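Whatever position you read off the sequence shown (first residue = 1), add 14 for the working numbering.
Each residue gets a CB set at the ideal place from its N, CA and C atoms; glycine is no exception.
Keep in mind that this is a model prediction, so the values were computed, not measured.
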Amino acid sequence: MQIDKSVLMVIAPKDFRDEEFKEPYDLFTDSGIKVIVASTDTVPAKGMLGMVVTPDILLDQVIPDSFDALVIVGGTGCKILWDNTTLYKIVQNFNATKKTIAAICIAPVVLARAGILKDIKATVYPTVKEHIEKYDADYTDADVEVSGNIITGSNPDASKEFATAILNTLKQ
């Protein structure tokens, strides 16, 4: 089944987590979904395990109305996205229009800091759970948590389940 939707995937300019990018990307493209990759730079980004991805656009070039879902990839490099106000605005726009917003590993911290996880069930890599609890997120230790339009994943091992949860929302 081909799904006529488009997804914005956001990665750090270095040290994104390879499988957290690859599992959703492959599942989306295999389903006919258009994927655009954005970052803070458009030079090739190198993942923690060596995968190289060249972002299509800069974060400040993103037009949220062009996309049906937002996916923020984790990995140690994601910390530089934690304070990115441009990304906060993108997240807030997607949330205001109830589009699917997904983040995995340490990336849910971006959602918390953007102010959209207050009183929302969410998961995150366990070592940074205090970073979402500080913003009143309802932390669960689930591998994947789906709360309305927000999907969070806890770690690289949850990448396939995370990707499937996102795909299921795009089929609706």
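Gly61 beta carbon less than 8 Å from that of Phe35: Along the sequence shown, read from residue 1 onward, the residue named residue 35 stands at position 21. Along the sequence shown, read from residue 1 onward, the residue named residue 61 stands at position 47. Contact: yes.
Proximity of Ile86 and Ala121 at Cβ, strictly below 8 Å: Residue numbering aside, residue 86 sits at position 72 when the sequence shown is read from its first letter. Residue numbering aside, residue 121 sits at position 107 when the sequence shown is read from its first letter. One thing to note: Ile86 has its Cβ within 8 Å of the Cβ of Ala121.
Residue interval of the alpha helix (DSSP H) (run including Ala117): The sequence position of residue 117 within the sequence shown is 103, counting from 1. From DSSP, Ala117 is part of no alpha helix (DSSP H) but of the beta strand (DSSP E) over Thr114 to Ile118.
Reduced DSSP category for Val142 - H, G, I as helix; E, B as strand; rest coil: By one-based count along the sequence shown, residue 142 stands at place 128. DSSP, reduced to helix, strand and coil, places Val142 within a helical segment of the structure shown.
Nonlocal neighbours in the same chain, by C-beta distance under 6 Å from Thr137, ignoring five residues either side: Counting from 1 along the sequence shown, the entry for residue 137 is found at position 123. Excluding positions up to five away in sequence, the list reads Thr154, Ala156, Glu159, Thr166 and Ser168.
For Tyr153: DSSP bridge partner residues: For this step, residue 153 is matched to residue 139 along the sequence shown. For Tyr153, DSSP records a beta bridge to Ala136.
Validate contact between the segment 21-37 and the segment 55-70 using beta carbons, cut 8 Å, 3 pairs: Proximity of the segment 21-37 to the segment 55-70 meets the contact definition, three or more beta-carbon pairs being nearer than 8 Å.
Cβ neighbour criterion (16 or more within 10 Å) applied to Thr114: In the sequence shown, counting from the first residue as 1, residue 114 sits at position 100. Counting C-beta atoms within 10 angstroms of its own C-beta, Thr114 has 16 or more neighbours from the protein chains shown and is therefore classed as buried.
Reduced DSSP category for Ser53 - H, G, I as helix; E, B as strand; rest coil: Counting from one through the sequence shown, the residue named residue 53 turns up at place 39. Strand at Ser53.
Backbone CA spacing between Glu144 and Ser20 [nearest angstrom]: Along the sequence shown, read from residue 1 onward, the residue named residue 144 stands at position 130. Along the sequence shown, read from residue 1 onward, the residue named residue 20 stands at position 6. C-alpha separation (whole angstroms): 32 Å.
Alpha carbon of Cys92 to alpha carbon of Gln16, nearest angstrom: Taking the first residue of the sequence shown as position 1, residue 92 is located at position 78. Taking the first residue of the sequence shown as position 1, residue 16 is located at position 2. Distance between the alpha carbons of Cys92 and Gln16 is about 31 Å.
Cβ distance (whole Å) where Ala116 is taken to contact Ile180 below 8 Å: For the purposes of this step, residue 116 is taken as residue 102 along the sequence shown, with counting starting at 1. For the purposes of this step, residue 180 is taken as residue 166 along the sequence shown, with counting starting at 1. Indeed they touch by this definition, with Cβ atoms about 5 Å apart.
Beta-carbon proximity list for Asp44, same chain, < 6 Å, skipping 5 on both sides: If you number the sequence shown from 1, residue 44 lands on position 30. Within the same chain, no residue comes within 6 Å of Asp44 by CB-CB distance, once the 5 residues on both sides are set aside.
Own chain residues within Cβ distance below 6 Å of Ile47, not counting five before or after: On the sequence shown, position 33 is the one that residue 47 refers to. Around Ile47, the same chain offers Ile17, Lys19 and Val21 as residues with beta carbons nearer than 6 Å, after the five sequence neighbours per side are excluded.
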